[in-house]
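Everything below concerns the one structure shown next.
Protein chains in written order, with my numbering: chain A, 903 to 1326; chain B, 903 to 1326.
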C-alpha cells in the first residue's frame, strides 16, 4: 500500500481493488467462471449450518428491533431459500458466456474487418435492501459477465451477507479468479453508499435495487451512471375492436396477478364504442376479487359502484387492489392519456385490429409495449433473458428488463493487414 | 400558454416544445423525413446569397474581435462549405431509416412473440462551438433518427446559425413535420447551456462537441446523461513477431496522418526483441517528418537523438508532432502500460502472431482495439457507419464512433393472443 493509498477511505480502497480485479477478469475464461459458480452452489449446501447460524444473528436483531414479520421472512436463510440460491447459481453457470462474442462484423472496401465485441462494463456497484439472496444473485450475474462488483446490502442482513461474501471469495480463489472481483461491503455505515456513488474513476455503473425513494436519492447524488428502476404506472387500452373475452381475462390478469409488482395494471382505458359491453363484466370480476374501482364520469355511467376518479388517480402507481378506469373517444385519446400520465414502463392494447395494434406498438413511448397481453409479463425471465438484475426505467443503455447483456457493453475490434489511412 | 408556463425561461419552454415535437415524431414516416432533408439541401442551394449575407455579419464581428484566422476560416459559409452541407443532407436522406426495425425476435414457449424495436431517444441537446456546418449535420442526424433536437452553437456563429435554423424549420413545415423538432437556441446567453443540461424531464441526452474543458464542465454539471468525447491518448504496440515494413508504415501513418485528431498515436510501445531492428528506421522517418521523439532509456540507447521521456509524457495526449516511445519486455508489459496510461480510446498491435493478436484484442479495455492498423482509423465513416455525430468515450450506451444507431434506443415489443401469467 502506497502512502497515497493510506489516505483513502475503506470504500475507495475497495473500489481500487475492484478496478484491478476487473482488469484481471478481462482474461478470465468462461470455464473458470462457470467453475466458480458451481463451487459457490456446492459451498452454500455444505456450509448450510454455518450460514444459518450467522443468519440467526440478523434474525434475532431484526425481531428485537421490531421489524415487520414480512421483512423478517425475506431476511431468513431457510433451507428452501438456500436451495433456491444454489439452484440459481447452477442455472447461471450453465448459461452461455456472453463475453467475447462479436457482432456486426463487416469487411470494409479497403479489406479491413470491423466488428463489435461484447465486453464487461468493468466495476459495478450494487446497492440493495435486506434480502441476502440478492448478494448471491448479483454476484453470480456480475461474475458471469466478467465484471467486478461491490455489493452493499441492507444493514439488517449484515452477518448473513458477510458470511455469503466469504463463501464467494473462497470459491473465486479456488477457481483461480481474483478474489476482489466480488466484494461485500463490510460496514453498515451509510456514508459508504454516498461515497461509492461518486467514485467515477473506479466505479462504472451503480444499480440500486429497492424502494423508489432510495433509488431517486442515489440517482440525484451519483457521479457514476445509474441503472435505475423507478415507477411502473402501467396502462391497458381496450380498443373498439377488442375480443371481449380476451379483454376480460387480460385485464383481470394484469391487475390481480400480483398487486405489488411494477408491471401491475394501474389504469384501464376503454374505447367508448365497446365500453358498454366490456366494462360491466370486467368490473364485476374485479370487484369480486376485492379490487376498488375509480372511474371517470363515462365509466361511472356504466359501472355505478365505481368511485369518482380524480387527476391524482391517473398519476398514481397504486401497487395495490385499486384500479382507475377511463372511457376514451378513440385510440388517439388513449395514446394521449398514456403519453401524459404513464411512467413509460409497460403498456398494452387489446385489439383484433392490425392497424391499431401497429400504431399502438410503434407510437407508445414506453420501454415495453404489448398487444393482447397483460402488463404483468414485465419480467426478464418471461422475456427469455434467463436471468434478471432488475427492470430499467432509463432510456439509454439498458431499457426494460435487464439480463446478462445489460451488464455488458461493446468495443470495436478492427483487424487489418497494414491498411493505411490516406498515403504516408 | 398556461400561467405555469409563463414562469419558465426561454430554454425551458424550448425543451417543452421539443418534448411535444418528439412525441409527434414517433409517427413520422421515413419518407417525410427524407423529404425534409432533401428540401433542406435544396433550400441551402437556393438561399445561398441570403445565408452568406448573414454569415458575413458573423465573419465581420469575428475579425473585429481578433479571432484567429483558422477559426474565422471554420466559421465561413463559403460556396464549397454550402455545397458540402447540401451533399451531406442528400447522403443522409438516402440512408435507410433506422427507426422501427426489430431485432432479437423470438417466440416464447407460451406462444407470445418478444422482440426489440429501434426507437428514437427523444430529445437531444447538442452544444457545439463556432462551426455552423454542425448545425446542419446535427439537425440531419437527429431528424433521420426521429429525435427532437435543441442546437446551441457558439456565439461567433450566431447569425449564421439563426439563418440555418430558419431554413430547417421552413423545410420541416413543408414536409408536414413538427417545426419544433429542430430548434436553434436564439441567444448567446451562456446561462442557457447551464440550464439546458439540467432539464432532465424534457431533455434525454446531451452531446457536447468541442474542447475537452467544455465537455468536462458539462459532464460535471449535467443532470441529463452526456455522450462525451474526452481524451484520445492512443497507443501502438510493435510485437516481437511484427512485420518490420508494416510496423514502420503503420506507425508513421498513425502519428502523421493528422496530428490533431483524437485517433492520432501518442505513445509507441516496442517489444525489446525487435526494438533494435524496428526503431532506427521508424525514428528516422518520423524525424524527417518533423516529429519530436521522447524515449525511455532503452529507446535512447537505440535512438540517441530522442529526448528523455518523463512520467508526464506517458500521460499526455500531445495532439501535435511529438511521440513518446517505450521499449517493453513483452506483451504483458505493453498491456500493463496501456491499462495504466491509456484513455481507453483506440489502441493497436502490429504482429503476425495470432495468439498475441487475440490476447491484445480481447484484453485491452479500450473502445477500439486494432490489429495491424494505424490508430488514426478511429472515425465513423471509416467504420462504415455512414455518418458520425462524434466519438464517445463513455462505456455505456454508445462507445467509440457514434453513428445513427447511437442516437436511437430500443424498446421491447411483445405480441400475443391473450396469454396470461399464471391463472386468473
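Even for Gly, the Cβ is constructed at its ideal location relative to N, Cα and C. Bear in mind that the values here come from a model prediction, so they are computed numbers and not experimental data.
Between the CA atoms of residue j and residue i - distance to the nearest angstrom
i	j	result
residue 1014 of chain B	residue 1260 of chain A	16 Å
residue 1140 of chain A	residue 1292 of chain A	28 Å
residue 1112 of chain B	residue 1109 of chain A	31 Å
residue 1080 of chain A	residue 1114 of chain B	35 Å
residue 981 of chain B	residue 1281 of chain B	26 Å
residue 1221 of chain A	residue 1048 of chain B	34 Å
residue 1174 of chain B	residue 1229 of chain B	6 Å
residue 1091 of chain B	residue 1063 of chain B	15 Å
residue 1033 of chain B	residue 1041 of chain B	14 Å
residue 1274 of chain B	residue 1321 of chain A	8 Å
residue 936 of chain A	residue 1308 of chain A	19 Å
residue 1077 of chain A	residue 934 of chain A	6 Å
residue 1016 of chain A	residue 1287 of chain B	11 Å
residue 1051 of chain B	residue 1083 of chain B	6 Å
residue 1193 of chain A	residue 1284 of chain A	25 Å
residue 922 of chain A	residue 1133 of chain A	36 Å
residue 1088 of chain B	residue 1073 of chain B	18 Å
residue 1240 of chain B	residue 1266 of chain B	8 Å
residue 1099 of chain A	residue 971 of chain B	45 Å
Among the options, the one whose alpha carbon lies nearest that of residue i
i	options	result
residue 1272 of chain B	A:1304, A:1318 and A:1297	A:1318
residue 1270 of chain B	B:1303, B:1283, B:1254 and B:1241	B:1303
residue 1117 of chain A	A:1190, A:1029 and A:1033	A:1029
residue 1219 of chain B	B:1166, B:1090 and B:1003	B:1166
residue 994 of chain A	A:1053, A:939 and A:973	A:939
residue 1300 of chain A	B:1055, B:1307 and B:1311	B:1311
residue 952 of chain A	A:1026, A:1025 and A:1066	A:1066
residue 1159 of chain A	A:1191, A:1135 and A:1128	A:1191
residue 893 of chain B	B:1180, B:1243, B:1182 and B:1012	Residue 893 of chain B cannot be examined here, being either before or after the span of chain B that is shown, 903 to 1326.
residue 1007 of chain A	A:1000, A:1083 and A:1018	A:1018
residue 1226 of chain B	B:1237, B:1199, B:1097 and B:917	B:1199
residue 1306 of chain A	A:1020, A:909 and A:1094	A:1020
residue 1023 of chain B	B:1124, B:1131 and B:1104	B:1104
Per DSSP, cross-strand counterpart(s) of residue i
i	result
residue 1221 of chain B	According to DSSP, residue 1221 of chain B bridges with nothing at all.
residue 1314 of chain A	A:1018 and B:1270
residue 1226 of chain A	A:1169 and A:1196
residue 1292 of chain A	A:1304
residue 1030 of chain B	B:1111
residue 876 of chain A	Given that chain A is displayed from residue 903 to residue 1326, the structure contains no residue 876 of chain A and the question cannot be resolved.
residue 892 of chain A	No answer is possible for residue 892 of chain A: the residues shown for chain A start at 903 and end at 1326.
residue 1004 of chain A	A:1019
Simplified DSSP state of residue i, which is helix, strand or coil
i	result
residue 1014 of chain A	coil
residue 1250 of chain B	strand
residue 1239 of chain B	helix
residue 1009 of chain A	strand
residue 917 of chain B	helix
residue 1128 of chain A	strand
residue 1280 of chain A	coil
residue 1208 of chain A	coil
residue 1147 of chain B	helix
residue 970 of chain B	coil
residue 961 of chain A	helix
residue 1329 of chain B	Because residue 1329 of chain B is not part of the residues shown, which for chain B are 903 to 1326, the question remains open.
residue 904 of chain A	Because the pLDDT at residue 904 of chain A is just 44, under 50, the model does not fix this residue reliably, and the point stays unresolved.
residue 1182 of chain B	helix
residue 1215 of chain B	helix
Local Cβ density within 10 Å of residue i, reported as buried at 16 or more and exposed below that
i	result
residue 1075 of chain B	exposed
residue 1324 of chain A	exposed
residue 929 of chain B	exposed
residue 967 of chain B	exposed
residue 1207 of chain A	exposed
residue 1009 of chain A	exposed
residue 1263 of chain B	buried
residue 1315 of chain B	buried
residue 948 of chain B	exposed
residue 1162 of chain A	exposed
residue 876 of chain A	Here chain A covers residues 903 to 1326 and nothing more, so residue 876 of chain A does not appear.
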